[in-house]
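Read through the structure below, which is laid out as structure tokens, and then see the notes.
Protein chains: 2
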Amino acid sequence: MATAAIGRVFIETLGESAPAEVLIRGWVYRLRILGKTAFLILRDCTGEAQCVLTSEALKTHRLKSEDVVEVRGTVRTEPRAKAGFEVAVADLRVLNRAAANLPFLASHGIESVGLETLLQYRPLALRTEAVGDIFRVQAALLAEFRAGLGRRHFTEIVTSKIVESGTEGGTSLFAIDYFDRVAYLAQSPQFYKEHGVAGFERVFETGHVYRAEPHASSRHLTEYYSLDLELAFIEGPEEVIELERELLTEMFEGLNARLGRTLLKHRAAPLPSLLRVPCWEFGECLERLRKAFGRGDLAEDLDPEGERQLCELARQASGVAAVFVLGFPLAARPFYTAPRGSAGAAASFDLLFEGIEITTGGQRLHHRDDLESALRARSIDPRGFERHLAMFDLGMPPHGGLAIGLERLTCQVLGLPNVRQAVLYPRDRYRLAP
Amino acid sequence: MATAAIGRVFIETLGESAPAEVLIRGWVYRLRILGKTAFLILRDCTGEAQCVLTSEALKTHRLKSEDVVEVRGTVRTEPRAKAGFEVAVADLRVLNRAAANLPFLASHGIESVGLETLLQYRPLALRTEAVGDIFRVQAALLAEFRAGLGRRHFTEIVTSKIVESGTEGGTSLFAIDYFDRVAYLAQSPQFYKEHGVAGFERVFETGHVYRAEPHASSRHLTEYYSLDLELAFIEGPEEVIELERELLTEMFEGLNARLGRTLLKHRAAPLPSLLRVPCWEFGECLERLRKAFGRGDLAEDLDPEGERQLCELARQASGVAAVFVLGFPLAARPFYTAPRGSAGAAASFDLLFEGIEITTGGQRLHHRDDLESALRARSIDPRGFERHLAMFDLGMPPHGGLAIGLERLTCQVLGLPNVRQAVLYPRDRYRLAP
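Here the protein sequences line up with chains A and B, keeping their order.
Under our numbering, the first residue of the first sequence is numbered 34, with each subsequent residue one higher.
Under our numbering, the first residue of the second sequence is numbered 34, with each subsequent residue one higher.
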């Protein structure tokens, strides 16, 4: 090959090498013909470059948008080009062709393209700025979450998603044919996280969890990605809240720094600090909702409207539309939840952020006796949980933790209305593909 | 509480604060009584501290190993203590008790403890140095893998593990009851990775994959964690190999730097550079095995013994017991594998490291026509893969990638004989718990 003599370079490095012969590869993003001259905007994962060739050459190669090409040429200064330089094409090779009549193009706005089409043509959708941004932001959230915990003595763990039974008593489980037995997809790494803190004190896991929920709302998925952490030696749920304040604030600062311009395409202001968002008791929240919005209908839990209203009240109070709600009714929480006081409240919290719950967390019971009582109080035979309860005989410290749904967090960071927009390949009651 | 006035600190910070009143929490690692004085070695996730109290106090609290305690006391210089200081205990509180008669203790050697017991008592096992090290190393490998790819323009993706059908034609799949349908657990993110490179050019994923393999050997799991990457615009599998050389070398350097002393407890030398390990063609490997070991029985694939022998030959040739084997017979590789030349070889490779295969990778076909031909050549109707093949009409660049099994890599780094030792909660034909 004539082009083999020089190695391919990323487009982001072109500015450094002018003037020089370069070899670049990417997708045809845009084409423009001006008389005898043609402009090809080529894109790779690092940027875009304006390439100049003859209109004749363009026609010879039958080039069109989304085709995959290799360009050999010379970088030269060109003040009229966006980057301040362009590539004079010496040689062009089509590596693969895209089909004609694609439903949309990477260079198009996709406001009028439906979610179904974006899912069906995922690779093409990722090449658009709007969809690509979602998953670049998601990847950055993941990286920042792990980095923040790495700085705080947390050890990453990987736990099985194939389990014998559910953590919360057997509902909403997907059954698996496991050789001659039935197994289930894990609803949560909760038990394993707790075993993890008994070993490592501080653990986190990022992984899928599964809920066989038949309703297909804009908030629910049957498979989602959970950012889970658990830490030992806490005295109460406030320490978990404090950790989340700091962790999310660092993650948001990281995103503002790395992807600030991307964020501002989707939201009015950079991601806020959560260090001063309020923490309101559940009862206090009901009272505030009653006073401000005449909500007299809530008792055991919040509803989506209540979550939005509380965020609005928090925004008025602190300038940030986020609030920790602490002390939900214990009866509605899983059996392993620690109580808060003796009036039926739980030492557990939700974080509501810009209108929706993105975290559930709290302190857990750490004495075996208390767990057995809690199971019996829910009419569950503790013997069914013996394998788990036995771990509380090995030196189980007081502990708590939280879980953040990655898709919901991505949605809230970018202001996306449907959680499916923040999943590459969403799964729900009706969707198994692509 | 009397102790609430000062906040808990990590043991690693104690040296900085001497002499001062401190509050620490952790597990009782060791106890020693010398007349009226007792020594308690307390451990948290950052280190261990020698605490001094009266033998009387020890008895009053009925302290024993693995109990979870809080100590308030004063740090003072003590040249005879390992860390150069100790904590004079002013107040001690038992936060939770461990059971008596545990099968082993964190401070014990566990050479004589069987794998079954280590799995059954996971939290306790993690508190031992030997088992804890495995999962600290594993976490570091994960972090280094992601960091190395982050530096190279790779975007992390999260793809569904619930799929309509297998990537390789429907064998060894676990079936899931998905509402009124059958779905399957993903065997590999291969197709999604390929769609990912068509969008982002370079993608990686770290996640579980599932194989319903009925054999329960020391190398096989039904659920394992795959470090997957895929990159576009390659000219051949050599570029994937080159990337892996650099990536693993960086990961190993990172581990040597962060966990060098841990590694040297398990292996004779630090982790090697892979920059100069050889890359041998498959046919050449057979020839070398024939000459050196009289192996005339291999034709289509290597066997475990052959992998060990090749690593030994590589060690003799280059000083490092690792070798890339390139050009396996195409017929034995998945349909999406690109050919290498026209003599029936595949553009795919394995990396053998210290006796075992830890990576499979290669270049993939990127033209739809070629994929359809490859399917037909395997007597598979391309219409069954239409949803996947349609992605090759959207501008699919030439691409390739690889997958590293995290558990196997962990085993090879630490010299562990059984892959189950490198999984917190292994799953195989017979094991669904804990």
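Heads up, the beta-carbon is just placed ideally off N, CA and C, and yes, glycines get one too.
Backbone secondary structure at residue i - three-state DSSP
i, result
"F137 (chain A)", "coil"
"A132 (chain B)", "coil"
"Y62 (chain B)", "strand"
"D403 (chain B)", "helix"
"A380 (chain A)", "coil"
"F168 (chain B)", "helix"
"H432 (chain A)", "strand"
"T161 (chain B)", "coil"
"F368 (chain A)", "coil"
"I274 (chain A)", "helix"
"V102 (chain B)", "strand"
"H241 (chain B)", "strand"
"S251 (chain A)", "coil"
"F207 (chain A)", "coil"
"I267 (chain B)", "coil"
"D426 (chain A)", "helix"
"C78 (chain B)", "coil"
Nearest-angstrom beta carbon gap, residue j and residue i [assumed within contact, 8 Å]
i, j, result
"E263 (chain A)", "G395 (chain A)", "The Cβ separation is near 11 Å, so there is no contact."
"G199 (chain B)", "Q223 (chain B)", "No, G199 (chain B) and Q223 (chain B) are not in contact; Cβ-Cβ is about 10 Å, not under 8 Å."
"D166 (chain A)", "K298 (chain A)", "7 Å"
"L322 (chain A)", "Q342 (chain A)", "6 Å"
"D334 (chain A)", "A290 (chain A)", "Going by Cβ atoms, the distance from D334 (chain A) to A290 (chain A) rounds to 37 Å, so no, they are not a contact pair."
"I66 (chain A)", "V42 (chain A)", "Not a contact, Cβ separation roughly 27 Å."
"L62 (chain A)", "S140 (chain A)", "Note on residue identity: the sequence assigns Tyr, not Leu, to residue 62 (chain A). Correct: roughly 5 Å between the Cβ atoms."
"G229 (chain A)", "I195 (chain A)", "The pair is not a contact, with the Cβ atoms about 18 Å apart (cut-off 8 Å)."
"I143 (chain A)", "V164 (chain A)", "7 Å"
"F266 (chain B)", "P431 (chain B)", "6 Å"
Alpha-carbon to alpha-carbon, residue j and residue i
i, j, result
"L281 (chain A)", "E177 (chain B)", "22 Å"
"R105 (chain B)", "V127 (chain B)", "12 Å"
"G377 (chain A)", "V356 (chain A)", "22 Å"
"G374 (chain A)", "P367 (chain A)", "17 Å"
"E271 (chain A)", "A172 (chain B)", "28 Å"
"E256 (chain B)", "P450 (chain A)", "34 Å"
"V346 (chain A)", "D383 (chain A)", "The sequence given here has Leu at residue 346 (chain A), not Val. Cα-Cα distance, rounded: 16 Å."
"R278 (chain A)", "V101 (chain A)", "45 Å"
"F233 (chain B)", "P156 (chain A)", "8 Å"
"E81 (chain B)", "A158 (chain B)", "17 Å"
"L442 (chain A)", "I391 (chain A)", "6 Å"
"E197 (chain A)", "Y217 (chain A)", "6 Å"
"L151 (chain B)", "L465 (chain B)", "15 Å"
"F137 (chain A)", "Y458 (chain A)", "19 Å"
"N415 (chain B)", "R409 (chain B)", "Rather than Asn, the amino acid found at residue 415 (chain B) in this sequence is Pro. Those two C-alpha atoms are separated by around 7 Å."
"L91 (chain A)", "W60 (chain A)", "14 Å"
"D461 (chain A)", "T204 (chain A)", "16 Å"
"T46 (chain B)", "T93 (chain B)", "29 Å"
heavy atom of the ligand FMN below 7 Å from residue i C-beta
i, result
"G293 (chain A)", "Among the components of this structure there are no ligands whatsoever, and the ligand FMN is therefore not found."
Candidates the options: closest to residue i by CA position
i, options, result
"L64 (chain B)", "B:L75, B:R58, B:F237, B:E387", "B:L75"
"L29 (chain B)", "A:P52, A:T110, A:N134", "Any property of residue 29 (chain B) remains undetermined from this structure, which presents chain B solely from 34 to 467."
"Q454 (chain A)", "A:T110, A:L148, A:A139", "A:L148"
"W313 (chain A)", "A:I274, A:I413, A:A131", "A:I274"
"Q83 (chain A)", "A:T93, A:G48, A:E89, A:I39", "A:G48"
"D336 (chain A)", "A:Q349, A:V215, A:G352, A:F361", "A:F361"
"L125 (chain A)", "A:P112, A:T110, A:L96", "A:L96"
"D213 (chain B)", "A:K115, A:F207, A:Y243", "A:F207"
"F187 (chain A)", "A:K226, A:Y211, A:V170, A:R160", "A:K226"
"P303 (chain B)", "B:E286, B:A436, B:E317", "B:E286"
"C78 (chain B)", "B:A71, B:T161, B:T93, B:E111", "B:T161"
Near-chain B residues of the segment 292 to 322 of chain A (beta-carbon distance less than 7 Å), N- to C-terminal order: none
Near-chain B residues of the segment 195 to 221 of chain A - C-beta to any C-beta below 8 Å: I195, V196, E197, F207, A208, I209, D210, Y211, F212, R214, A216, L218
Residues of the segment 160 to 174 of chain A whose Cβ lies closer than 8 Å to any Cβ of chain B, in chain order: R160, G165, F168, R169, Q171, A172
Residues of the segment 113 to 131 of chain B whose Cβ lies closer than 9 Å to any Cβ of chain A, in chain order: L128, N129, R130, A131
Short-range partners of chain A found in the segment 73 to 88 of chain B, where Cβ spacing is below 7 Å: D77, C78, T79
Proximal residues, the segment 403 to 427 of chain A versus chain B, C-beta separation under 9 Å: R420, H421, A423, M424, F425, D426, L427
Contacting positions in the segment 368 to 381 of chain A - beta carbon closer than 7 Å to chain B: When C-beta distances to chain B are compared with 7 Å, every residue of the segment 368 to 381 of chain A stays at or above that value.
Chain B contacts made by the segment 251 to 278 of chain A, where a contact means CB separation under 7 Å: Residues of the segment 251 to 278 of chain A that bring their beta carbon within less than 7 Å of a beta carbon in chain B comprise E256, Y258, F266, in sequence order.
Residues of the segment 184 to 195 of chain A with Cβ closer than 7 Å to any Cβ of chain B, in chain order: H186, T188, E189, I190, V191, T192, S193, K194, I195
Residues of the segment 96 to 108 of chain B with Cβ closer than 7 Å to any Cβ of chain A, in chain order: Residues of the segment 96 to 108 of chain B with a Cβ closer than 7 Å to any Cβ of chain A, in chain order: E99, D100, V101.
Residues in the segment 385 to 401 of chain B having any Cβ partner in chain A nearer than 7 Å: H399, H400
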